[in-house]
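See structure below.
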Amino acid sequence: YTGFHQTLEHCIACGHLITDTILQALGHSYHLTCFKCSKCSICLDGIPFITDKNQNLFCLHDYHMTYGPRCDKCSNPICPE
């Protein structure tokens with residue numbers, strides 16, 4: 347590597363060097379295209395997101411669909427409005 351490459355950030359999601367826009371979130375650096383929901387892959391830049399206990403990124407909808415409470419009768423997730 348040249349000195350330039352040694353000063354670049356590595357994306358926490360893919361491990362590759364970030365040579366363009368760096369997105370900083372949760373104390374880590376990401377490529378813009380790597381900062382996405384782990385379920386639906388929507389880019390999370392500029393929209394509310396949440397992480398699970400393993401630090402996986404989720405849009406709010408998919409987090410509630412995955413981890414939210416379920417109806418006792420039909421087992422469908424109960425999502426906030």
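Heads up, the final residue of the sequence shown is numbered 427 in my numbering, and it's a clean run with no missing numbers.
Glycine included, each C-beta is placed from N, C-alpha and C at the ideal position.
List the DSSP bridge partners of residue i.
| i | result |
| --- | --- |
| Cys-389 | Lys-382 |
| Gly-371 | A quick correction: the sequence has Ala, not Gly, at residue 371. Beta-bridge pairing links Ala-371 to His-374. |
| Pro-423 | Arg-416 |
Going by C-alpha distance, which of the options is nearest residue i?
| i | options | result |
| --- | --- | --- |
| Gly-373 | Thr-397, Arg-416, His-407, Thr-365 | Thr-397 |
| Leu-363 | Tyr-376, Gln-370, Ala-371 | Tyr-376 |
| Leu-390 | Lys-399, Asp-418, Leu-369, His-356 | Leu-369 |
DSSP three-state label for residue i, please.
| i | result |
| --- | --- |
| His-407 | helix |
| Thr-365 | coil |
| Ile-358 | coil |
Cα separation between residue i and residue j?
| i | j | result |
| --- | --- | --- |
| Pro-394 | Cys-405 | 7 Å |
| Thr-412 | Asn-402 | 12 Å |
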